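Report on one structure; see the data block that follows.
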Amino acid sequence: MKFWIDRRSLSVLAFSACMGFALPSFGSPSSAQEGEKKEEEKKKEEKKDEWFAVLNGDVYTGTGAVLRGATVLSKNGVIESIGHDVEVPTEAKTLDAAGLRVYPGLVAINSAGLFGNTGGDFADSVDPYNQRMTLALASGITTAGQSNVALKLKRREIKGVVLRERYLATLSFTNSNPQGKREMNERFERAARYLREYREWEEKKRDNKDLKEPAASGVDSTVRSILEGRVLARFNASNREDLLEIARLAQRFGFRPVIDGCIEGWTVADELGRAGAYAVITPRDRRDKEEQLVRDGGSSIENAAILHRSGVQVCVIPSTTGVDLGGIAGRDILHLPIEAGFAVRGGLTDQAALESITIVPARLLGVSHRVGSLEKGKDCDLIVLDGDVMHYQSLVQYTVVEGKLVYDKSQELFYAHIRPRPSTQLAPEERKDKGEAEEPKEGAEAKPEEAPKEGDETKPDDPPKDPPKDG
Amino acid sequence: MVSKLAIVALGLSLGACAAPRKQEAPRDAELGAIQPLAQGEQGFALLCGKVFTLNEADDVFAPGLVVVRGSKVDYAGPVVELPEGYELVEAPTLWATPGLIDLHSHIQTGGWGDINDMVLAMNPEYRTSPTIVPANPDIQRACSAGVTTLFGIPGSGTNNSGFGVLYKTRCSGSYEGCVLADPGGMKVAQAYNPERRGDLGATRTGMAWTIEDALQRAEAANAAGRDDKSLANLQKVVKGELPVLIHTAGSDAVHTTIEMWGERYPATKPVLSHGCFDGWKVAPYAARIGIPVNLGPRTFDWRQSEGEWVGTPERYAKAGANLITVNTDAPVMPQEELFLQSTMGARYGADSYLMLKACTVNPAKSFGIDALVGSLRPGRHADIVLWHGDPLDPRASVESVWIEGKLEYDRVRDRQRF
Amino acid sequence: MTILTTLLALAPVLTGPVDPSGGLVAIKVGRAETVSHGPIDHAVILVDNGKIVEIGADLPVARGIPVIERPEWVVMPGLVSCYTRLGVESRAGQEFNPEASPTPEIDPRHPDYKEALEAGVTTLGLYPPGTGVPGHAAALRPKGKAIGDMVVDEDAYLKVYFRANSASKKLVRDAWTKVDEYDDKVKKAKEKWEKDNKSKGSDKKEEEKKEGEAKAEEKKDDKKTFVPPEADPKVKPFVQVRDGELGMLVSITQAADWAHWLDAIGERKFDYALRVVMTREIDIYEVTEEIGKRGVRLVMEPQITLVPGTMRQRNLAMEFATAGAKIAFKPRNDTIQDHVAWRRHVGEIVGAGLARDAALRGLTLEPAAVLGLDKQLGSLEKGKTANLLFLSGDPLEPTTNVEAVMLDGEFVFGEVKE
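Protein chains in written order, with our numbering: chain A, 919 to 1389; chain B, 10 to 427; chain C, 24 to 441.
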């Protein structure tokens, strides 16, 4: 296995780890606190560990590693181990994924309508029973961003839905607004100057304790957070000129910009790569080149591939971030891997394409320490498919969020009748709706048409001959 | 130069084929020996990892050979010895298919404009052909996604805004050079879109009458042996000399259309377009009457009664509809995503090979142009697409497209367009 | 034998024709649906002074007691519509008025009350309008010349309108925080009282020596019992709910509301019933088990609902009953027509699978419990209010008519002769 380490991403991660998350206190706790702690521990001990294991699947960890016929073991929703010699506790609930593929749950950087009619106050208004969330889980999405909040698709649960808030700060920096651009530049200058002075002051303070702390007044707090690495700066930009300006701004002040759209990014990929940019792109975005221009311009299906080759981390999102039930298939959030497939069409590697819908969006949402790949210590959010996640005939068979089975294709209305799997693959927790009519469902009696596929090959499946009853 | 291709070891790393038949000796009676090129004749051969002929026997050859002489296909079959004079293109990792065909497209003008004359409900005297902007960017992109033949038609703003044109997506060349048939057929809109209050009639009953009235006038003209200039093309339609593409929508409209065209005017050659929403519920009727269905751009129905995700092509296939095709209604869906319409049909339950037929040979058959396009058979137009794998897989890009033997798109030469 | 002697003893006093104003009367019917103790065939009910004095099968009735003999009739407890706005029309927005009462807006002459009574509805639970915490519901008898004649219980339950949003959750959390603050206040007052009392007590020991015992005794009496400080009127109802003195009805519309309700109340333990609005598409079945496990009482319409986004029907009343919840039905709407059709609608739910006894309870005893009146009415039991509904047959059959209605021992509908 080969590890690819990006220094910049490491430093950002380290920084966010310091700034964003609570660190254990190193001071000596008082005796009262100790007592409380002991009680808490006791409570924890009393609470039984919840084990869940996905067995015998081909595990695509998302980090580049593939473990064939391996086990993923979850303890209380967190991955305890992945491998071939994993000891599964007897009390563990298990899911047999033999002949199936296991991937990390997909991450959609933007989404709409998956959490119910919330007023943006997700913790207090999420609807964990709404159908669109279930459909998103059925298409493999386990984490999604909405209104600049990273959210977990926790079906039937309202606790722990909000993973992180406001990690992205949207800025405007465009040639179409020269005034605003100049002001933004000044804000960066002021904030950078302040931080420089602050560090100097910290240095000198050791010798001269009376030295006055530099005043933070007039310093834009958002820009300051960006420069301190506490949040990521996000720009909506697609024009070559705007992209160049953003790249220069980022390089000058030393931050990594996130660029939404980035349609002409392929024409300035080197500059964006040097700036350490992230690009959030829709590979099928289409823009005709301006005819009077000689140089490159407009959209290119190769955008993702070219950006990636230049070191830009690419995140893919479909053009429709909501769920489309109107009959147009292949363009909405439910077809996230299909959209990533178009990046592959333009030359992006399979691995980078998988990352573009898993770990990269997780980084952009500031939650890559928890989701986006299958690794020990991360949340056990995974999907089990009957083939390559980006193959058009692969459907999600099971979705697991934090070590709980939340979707089983054969047990839900939506896709059960499409290429049904043999009934021996039933999940451990078979969900039955008592209130539902017992009459057999159309399509339920259809026989399994084909065995799970391998890779991008397709198999013939004879079209069933019998006409539908209710025609 | 003779290439002993049969013994060329092909390092194929491709998976199993999507075809229902395994490789056998050629059974296509038309497939004879490859003739040497005559003096001054141009020709080339494609050696491919897989060749989908889309012939009557559904032959797929892996590896396979396609030989083009002039503007026509001369041979498509197993790898055999190649006579002298042919340029050989070796593409052992690529798959070859005929160019894709979309029977419901509006990109001839390069946008939405100029597709309906909104004054009268019926304009059977009109033609779309004058509005073609050859090689417009939409057409170029379509070509680079393997779409080679389009039925460019008026919109559904009125019941009928005239006759559409069948044309090729040539990236070079003139108006004359791209037209395959003009008129290629009629376009009728019979439900939903033309229903508007205030001008062209608000009800489906009104529309049915408007259309039938025109058909009856054409029939009367035929009976009287009259040559009415404004009805000339419509007269051909009622005699079955020109096909008609009918815009429908849900089950009600699908039913009306089958009843009117399939039963009351059996001489006509109707193709039922869209058939979306719950239209699949009438699929058994469509199958019984044998009317070709042209599905899309909606390829699934969120079936309310069951909460099921119903793949429209799958349901029509299940009901026994024998001639299923897909469309993009471009620019409703981008023209270059015609293949994706098939892809989604396959994703939601239909057979993947059937869905390949749905955008190649089936549309050709639906419009009676299968002797010209839609398959890789001797004598057919050399409209050939080379794919990096399964044409239905969005990840597989197009390497080259030939239209009538001319290389119209090459990924390296033209830079990847899609 | 005790019964018999009682009857004999009363016999001489009460003879003559049936006194419609509520004197002692025996009613013999074909069947009595007691609701609490199953059906009794050939039932005799003895009513006196507005109460059921005795009920049983074939009880002997002493001579002289007027007897109404209707072997073809079925009697059941009067229906209890515990959640209604019948006869009142005001509306309100989001409020926090837990102390408010809907009674001032009652118009005793409103014709709906008479009609409801004639349909067998003998108790109404009138709730205050508005969202948030709009106030108390009042239990009414639908007959009276003045508001005071109609009110049975001014404090039937506290109405809480809850939805999954931060405003609703805040309202609930704040209300309970206020209760905590009040408890603190009480605790402090008590501590102070105890302290005062103690110090006084120790002083007294010395005083006792100086002064007479009697006088000291008197002083002690003053401070003997601790009187907690009066709660704010907006806090008091929640204190009462916490102490089990007042019921609470929480209105929700979806599974998510329930999840957020649980989150909002946290670890607090108190009794509440749920009002689940049976909209056409409702996903509350997602939490049936949870609600059933807690044995919560649910107020719902007799309505078949659909799985959201589909046409799949569900009988939620049956599902909840099976899961262990208690079902109190309310008419589908607050119209008089729906009060009249109420029994029939519940019959439909029984037809769709709900157990018959749960349905009968759902019309009577369970809604009475929501109003906190299940000790007084809602079933045919000795000592309970004689609110009786006489029917021509099975209560849940659509063809069954109301023959007579008795309210507080008095026939208010139907021609009843000895």
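All C-beta atoms, glycine included, are put in the ideal place defined by N, C-alpha and C.
A quick note: this is a predicted structure, and the numbers were derived from the prediction, not measured.
Taking a cut-off of 8 Å on C-beta distances, the region 111 to 119 of chain C does not touch the region 86 to 100 of chain C, as fewer than three cross pairs fall below it. Annotated as distal: Val197 of chain B and Ile116 of chain B, with beta-carbon spacing of 8 Å or more. If the five residues before and after Pro87 of chain B are omitted, its C-beta is found closer than 6 Å to the C-beta atoms of Phe70, all from its own chain and listed in chain order. Think of a sphere of 8 Å around the beta carbon of Ser406 of chain B: no beta carbon from chain C falls inside it, the nearest being about 37 Å out. Any Cβ of chain C closer than 8 Å to the Cβ of Leu1331 of chain A would place that residue at the interface, and such an atom is present.
Residue-level contact by beta carbon fails for Tyr1325 of chain A and chain C, as no gap is shorter than 8 Å. For Pro1022 of chain A, the enclosing beta strand (DSSP E) covers residues 1019 to 1022. By the CB criterion at 8 Å, Glu122 of chain C and Pro251 of chain C fall outside the cutoff. The beta-carbon of Glu1220 of chain A is placed less than 8 Å from the nearest beta-carbon of chain B. DSSP assignment within the region 81 to 151 of chain B yields the following whole beta strand (DSSP E) runs of 3 residues or more, N-terminal first: 81 to 86, 96 to 107, 109 to 114.
DSSP places Cys57 of chain B in the strand class (E or B) of the three-state scheme. One Cα belongs to Val89 of chain B, the other to Pro133 of chain B, and the distance between them is close to 50 Å. With distances taken between CA atoms, Ala151 of chain B lies nearest to B:Gln344 out of B:Arg389, B:Gly354, B:Gln344, B:Ile378. Spanning the alpha carbons of Ala262 of chain B and Arg307 of chain B requires a straight line of approximately 15 Å. Against chain A, the beta carbon of Ala144 of chain B has no neighbour under 7 Å; the closest one sits roughly 13 Å away. Between Thr1060 of chain A and Glu1330 of chain A a beta carbon distance of about 16 Å is seen, past the 8 Å cut, so the two are scored as non-contacting. Close CB contacts of Asn371 of chain B within its chain, under the 7 Å cut and outside five residues either way in sequence, are with Leu332, Ile333, Thr334 (chain order). Taking 8 Å as the cut-off, the beta carbon of Ile1235 of chain A is found closer than this to the beta carbon of Ala1026 of chain A. Short of 7 Å from the beta carbon of Glu389 of chain C, and not among the five residues preceding or following it, lie these beta carbons of its own chain, in chain order: Arg320, Lys349, Ile350, Ala351. Residue state for Lys182 of chain C is assigned as strand, using DSSP reduced to three classes. Put simply, the CB of Phe1106 of chain A is far from chain B, with every gap to its CB atoms at 8 Å or more.
Setting aside the 5 residues that flank it on each side, Gly315 of chain C is surrounded in the same chain by Phe343, Ala346, Gly347, Ala348, each with a C-beta closer than 7 Å to its C-beta; the list follows chain order.
Taking a Cβ-Cβ cut-off of 8 Å, the neighbours of Tyr1310 of chain A in chain B comprise Thr352, Met353, Ala355, Arg356, Leu401, Asp402, Pro403, given in sequence order. Taking a cut-off of 8 Å for Cβ pairs, the region 1086 to 1094 of chain A and the region 1148 to 1161 of chain A touch, as three or more such pairs fall below it. Remark: C-beta atoms of Asp1203 of chain A and Ile1181 of chain A approach each other more closely than 8 Å.
If you draw a 10 Å sphere on the C-beta of Met353 of chain B, you find 16 or more other C-beta atoms in it, and that means buried.
Remark: C-beta atoms of Ala988 of chain A and Gly980 of chain A do not approach each other more closely than 8 Å.
At a cut-off of 8 Å between beta-carbon atoms, Val330 of chain C makes contact with chain B. Proximity of the region 174 to 187 of chain B to the region 138 to 157 of chain B meets the contact definition, three or more beta-carbon pairs being nearer than 8 Å.
Taking 8 Å as the cut-off, the beta carbon of Thr328 of chain C is found closer than this to the beta carbon of Ile305 of chain C. Among the residues facing chain A, Ala198 of chain C is not included, as its CB has no counterpart in that chain under 8 Å away. Distances from the CA of Gly1172 of chain A to each of A:Leu991, A:Glu1146, A:Thr1185 were compared; the closest alpha carbon is that of A:Glu1146. When rounded, the separation of the alpha-carbon atoms in Ile148 of chain B and Val410 of chain B is 13 Å. Excluding residues up to 5 positions away in sequence, Arg1108, Ala1109, Tyr1112 lie with their Cβ nearer than 7 Å to the Cβ of Val1137 of chain A in the same chain. Interface residue (Cβ-Cβ distance to chain A less than 8 Å): Ser189 of chain C is classified as such. Contacts with chain A at 8 Å (Cβ-Cβ) do not include His133 of chain C.
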